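Novice: One structure is given below, represented as structure tokens, and several questions about it will come after.
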Amino acid sequence: MAGRIEDYALIGDMQTAALVCRDGTVDWLCLPRFDSPAIFAGLLGTEEHGYWRLGPAHADGTPPPAATRRRYRGDSLVLESEWDTPRGTVRVIDFMPPRDGAPQLIRIVEGVSGRVPMRSALRMRFSYGWVVPWVHKVGERTVAVAGPDSVWHDTDVETYGKHLTTYADFTVSPGERVAFTISWQPSHKEPPALAEPETALEATEDFWREWVAQCTYHGPYRDAVVRSLITLKALTYGPTGGIVAAPTTSLPEDIGGVRNWDYRFTWLRDAAITLSSLLRTGYRDEARAWREWLLRAVAGDPENLQIMYGIAGERELGETELDWLPGYEGSIPVRVGNGAAHQLQLDVYGEVTEALHLAHMTGLARNDYASLLQIRLIQYLEDHWDEPDEGIWEVRGPRRHFVHSKVMAWVAVDRTVKLIESGEVDGPLERWRELRDEIHRDVCDRGYDKERNTFTQSYGSRELDASLLLIPQVGFLPPDDKRVIGTIEAIQRELSTEDGFVLRYPTDAPPGGENLDGLPGDEGAFLACSFWLADDLAMIGRVDEARRLFEKLLALRNDLGLLAEEWDPRLQRQVGNFPQAFSHVPLIDTALRLTASGAYGG
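Using the numbering used here, you'd call the opening residue of the sequence shown number 65 and step up by one each time.
As structure tokens, then:
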């Protein structure tokens with residue numbers, strides 16, 4: 065049975081990632097890319113769907129307990145888990161070396177004290193647990209083959225097969241180290257080279273040490289910021305610069321429900337805000353790589369901008385259901401692909417334009433096509449900004465005139481006006497100034513409820529939406545505007561949980577109506593929105609309240625500093641895909657704002 069979502073650690077190589085549970089079980093790994101079919105899908109099913117458990121052995125064959133303690137080695141993505149047992153203490157070191165060749169997952173067992181019996185149980189199942197591979201020996205190596213895929217298993221200890229699982233039983237003494245590696249390779253190619261685990265470990269630690277050294281943030285929340293930056297780097301697909309929203313699919317927003325989506329793609333919105341955080345903390349190479357990815361993905365067709373693409377820029381992300389998987393804690397369906405890819409979400413134009421603007425303002429080398437793309441995006445918006453859309457939350461209900469979408473359309477025009485004013489490009493300056501003013505008037509006239517002194521979710525509605533918290537952050541109105549303050553306070557009253565965390569929007573259907581998002585069930589507090597509230601509170605001068613909320617949010621992270629998409633206040637646990645870029649980015653942003661304001665304890 066899979067652990068709680070917060071029980072997992074992330075390891076990865078900037079091309080794919082694995083989730084390792086507290087008991088030493090790898091329950092999720094897609095090879096060779098983030099969006100490839102999983103060879104370990106136990107996270108969304110049972111042990112029959114693939115796993116790799118490595119930990120202290122029990123005489124009765126029961127799985128090992130949760131590790132006594134675990135941590136990342138310094139500022140790296142190298143995981144250490146330690147068990148204190150009646151026979152001694154043992155450590156398992158898990159990592160995936162950044163690579164150009166075959167992807168590898170390396171696990172090193174190290175004896176700390178006593179003599180500890182250990183067991184490795186490796187059950188590979190290809191195609192999300194659907195295909196049982198042919199497992200056989202090639203010399204001293206074990207290989208699992210199915211169709212185009214092969215996975216090679218290497219270790220110096222003896223292995224044996226039983227119940228379609230590869231086992232190794234051994235004992236470690238103090239200072240003794242035993243390594244295990246799996247490597248993926250196309251099945252028609254020669255076997256991958258044998259791993260050199262100790263050399264790879266040293267190189268992996270060096271990589272992360274050098275990367276973290278570029279961070280320009282040195283404030284009081286440095287540990288949390290650096291861990292979030294490492295997580296964002298781990299979610300970046302190195303060969304192209306695309307950034308996945310999360311390395312998982314179908315971890316539920318509502319446990320036992322249907323709100324289960326595939327997040328192993330590059331949302332322009334998520335990637336754009338990730339780019340902004342990376343730029344503000346000194347990471348220009350990642351920003352440059354993402355800009356190049358964007359230009360390739362959009363290519364010559366900005367009028368048909370999608371809200372998301374594959375990590376190499378793929379456009380077709382068809383959604384299907386894997387009916388053989390029972391889902392995480394019974395949450396079905398399990399989905400791969402994402403049908404929201406072709407939705408109309410006008411806010412994306414604003415996020416992309418803001419990211420390009422920030423790249424320009426921070427001195428990233430000019431790219432003429434990036435400026436041309438920005439102009440063409442506004443040409444499209446000029447004709448379409450006043451249409452209804454699905455909005456930031458990708459509702460599967462009817463389209464609406466979402467206020468946040470209109471605000472971000474204003475952002476897109478505003479940043480492009482500033483680009484033209486700078487003399488970098490030519491464009492119809494006066495016409496677009498008038499367009500900017502027209503959108504602003506429209507939002508203030510049709511999206512604001514004078515009686516309640518708050519902006520609303522959509523034109524003509526009374527519902528609130530946490531995305532309205534971004535109004536002062538993007539400069540649409542100043543923080544001290546009474547309409548901004550009224551909106552913040554309304555969201556605190558109507559969308560906050562008892563703990564002060566924020567829901568995205570009300571999911572309960574109005575009398576005689578349907579849910580806004582067209583889905584049954586409920587969801588937890590959305591962590592990004594809760595960070596946005598902390599930002600807004602700091603902006604309007606309520607800095608102590610902002611700090612208290614921020615530190616409550618930090619306390620929701622698991623023991624390794626990782627966050628999923630949401631927090632279920634009823635179950636007191638993390639929910640949604642994990643770890644989630646859209647949670648770690650605003651953590652960084654809020655830490656920067658609070659540090660700048662001096663709003664921190666100690």
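Heads up, the beta-carbon is just placed ideally off N, CA and C, and yes, glycines get one too. This structure is a prediction, so every number in the text was calculated from the model and none was measured.
With DSSP collapsed to three states, give me the class of Arg-151.
Specialist: DSSP places Arg-151 in coil when its eight states are reduced to three.
Novice: With DSSP collapsed to three states, give me the class of Ala-81.
Specialist: Ala-81: strand per DSSP, three-state reduction.
Novice: Quick check on Gly-588: buried or exposed, where buried means 16 or more other Cβ atoms within 10 Å of its Cβ?
Specialist: Counting Cβ neighbours within 10 Å, Gly-588 comes out buried, since at least 16 surround it.
Novice: Of all the options Ala-259, Pro-256, Arg-183, which has the alpha carbon lying nearest to the alpha carbon of Tyr-231?
Specialist: Of the listed residues, the one whose Cα sits closest to Tyr-231 is Arg-183.
Novice: Note down, one range per segment and in chain order, each alpha helix (DSSP H) of at least 4 residues found wholly within the segment 350-424.
Specialist: Counting only runs of 4 or more, we get nothing.
Novice: Which parts of the segment 524-607 are runs of the alpha helix (DSSP H), unbroken and 4 residues or longer, counting only runs that do not cross its ends?
Specialist: Fully enclosed alpha helix (DSSP H) runs of 4 or longer: 546-558, 591-603.
Novice: Please name the residue in Thr-345, Ala-363, Trp-325 whose C-alpha comes closest to that of Glu-385.
Specialist: It is Trp-325 whose Cα lies nearest to the Cα of Glu-385.
Novice: Can you give, in chain order, each stretch of the beta strand (DSSP E) that sits fully within the segment 98-160 and has at least 3 residues?
Specialist: Within the segment 98-160, the complete beta strand (DSSP E) runs of at least 3 residues are 102-104, 115-120, 133-136, 143-149, 152-159.
Novice: Whole angstroms are fine: how far does the CA of Gly-211 sit from the CA of Arg-196?
Specialist: The sequence given here places Val at residue 196; Arg does not occur at that position. One C-alpha to the other measures close to 11 angstroms.
Novice: Nearest-angstrom Cα distance between Ile-652 and Ala-530?
Specialist: Whole-angstrom Cα-Cα distance: 19 angstroms.
Novice: Run through the DSSP bridge pairs and tell me what Tyr-224 is partnered with.
Specialist: Paired residues: Tyr-231.
Novice: Leaving out five residues on either side along the sequence, give the residues of the same chain with a beta carbon under 6 angstroms from the beta carbon of Ala-73.
Specialist: Once the five neighbours on either side are set aside, the close Cβ partners of Ala-73 are Val-84, Leu-143, Leu-624.
Novice: Based on the DSSP secondary-structure assignment, which residues constitute the bridge partners of Glu-630?
Specialist: Paired residues: Phe-590, Val-639.
Novice: Taking just the CA atoms, how far does Trp-496 sit from Val-477?
Specialist: About 7 angstroms.
Novice: Can you give the Cα-Cα distance for Gly-377 and Val-156, rounded to whole angstroms?
Specialist: Answer to the nearest angstrom: the Cα atoms are 37 angstroms apart.
Novice: Could you check where the alpha helix (DSSP H) with Lys-470 kicks off and where it finishes?
Specialist: Here the alpha helix (DSSP H) through Lys-470 covers 467-485.
Novice: Straight-line CA distance for Trp-248 to Ser-214?
Specialist: Distance between the alpha carbons of Trp-248 and Ser-214: 6 angstroms.
Novice: Going by C-alpha distance, which of His-406, Gly-403, Ala-645, Arg-440 is nearest Val-416?
Specialist: Answer by Cα proximity: Arg-440.
Novice: State yes or no: is the C-beta of Arg-137 within less than 8 angstroms of the C-beta of Ser-145?
Specialist: Against a cut-off of 8 angstroms, the Cβ pair of Ser-145 and Arg-137 comes out as no contact.
Novice: Determine whether the beta carbon atoms of Glu-630 and Glu-317 lie at a separation below 8 angstroms.
Specialist: A contact, by the Cβ cut-off of 8 angstroms.
Novice: Check whether the Cβ atoms of Leu-381 and Gln-438 sit closer than 8 angstroms, and answer yes or no.
Specialist: Going by C-beta atoms, Leu-381 is not nearer than 8 angstroms to Gln-438.
Novice: Please report the straight-line C-alpha distance between Thr-110 and Ser-560, rounded to a whole angstrom.
Specialist: Taking the straight line joining both Cα atoms gives about 36 angstroms.
Novice: Within this structure, are the beta carbons of Trp-92 and Thr-312 separated by less than 8 angstroms?
Specialist: Contact flag set, yes.
Novice: Apply the 10 Å Cβ neighbour rule to Val-507 and answer buried if 16 or more other Cβ atoms are within range, or exposed otherwise.
Specialist: Per the 10 Å Cβ criterion, buried.
Novice: Shortest alpha-carbon distance to Asp-563 belongs to which of Ser-435, Arg-634, Thr-295, Ile-442?
Specialist: The shortest C-alpha separation from Asp-563 is found at Arg-634.
Novice: What does DSSP give as the partner residue(s) for His-648 in the beta ladder?
Specialist: In the DSSP output, where bridge partners are listed per residue, His-648 has none listed.
Novice: Pull the bridge partners of Glu-174 from the DSSP assignment, please.
Specialist: Arg-155, Arg-241, per the DSSP bridge assignment.
Novice: What residues are listed by DSSP as bridge partners for Tyr-512?
Specialist: Paired residues: Phe-519.
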